[in-house]
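Mapping of the sequence shown onto my numbering: residues 56 to 180, in sequence order.
No residue lacks a Cβ here, since even glycine has one placed at the ideal position from N, Cα and C.
Just so you know, these numbers come straight off a predicted model, no measurement behind them.
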Amino acid sequence: MSTNPTPDLPRLPDGMRILTHEEMRRVRDAAHDVARRHGVFTPVADEISYDALAVAGIFIQPYTPGPDECTAMYLPHTDDVTADMRGVWQQCADEPDHDGADHDSGEFGWRDGDMGAVPARPVEA
Ligand SMILES: [Zn+2]
C-alpha cells in the first residue's frame, strides 16, 4: 500500500491565501450552527461558505491526493474561473510519475511553477 504525502501549499497572488486547518474548522462550525438553525443541509452550508470565501480570495486547504495518481494539484483562483470552480482543488488525472511539468485534471491544465500549482511529489512506498 502506498501513502501519498500531504501537498505543500501553492504560491498565490498578493492578497489571496489558504485558510489554516483551524480557521477551516471554525468556519465550518459557524456555518453548521446557522444551517441547523435554518434547517439547511450542512454540506450546502459548507459549499456556500467556501464559495463565498473563494470569491474574496480565501481558499480551503488542499485534500490529500488519492493513491496511484499523479499528486500534482492546482487551485483555480483567477477571475476568469467560473464561481462554481473557483477554489475547487484540481488533481492531475495523468499517471503517477509521468514525464514533464504539464498536468491536467480534465477541467484545467497547468504547469509546475504556475501560480496556484502544487508540484507532484513522490509517493512513498
Ligand atoms: Zn500530473
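Cβ of D149 versus every heavy atom of ligand 1: is any distance shorter than 7 Å?
Ligand 1 has a heavy atom closer than 7 Å to the beta-carbon of D149.
M128 and Q116 look like a contact to me (Cβ under 8 Å); what is the Cβ gap, rounded to whole Å?
Actually they are not in contact, since the Cβ atoms of M128 and Q116 sit about 11 Å apart, beyond 8 Å.
Determine the direct distance from the alpha carbon of T75 to that of A100, and round the result to whole angstroms.
For A100 and T75, the gap between their C-alpha atoms comes out near 19 Å.
In this structure, how does DSSP classify D135 when only helix, strand and coil are distinguished?
In the structure shown, D135 sits in coil (DSSP, three-state: anything other than H, G, I, E or B).
Of the listed residues M71, Y105, H93, nearest to R81 (C-alpha basis):
Between R81 and the set M71, Y105, H93, the nearest pair of CA atoms involves Y105.
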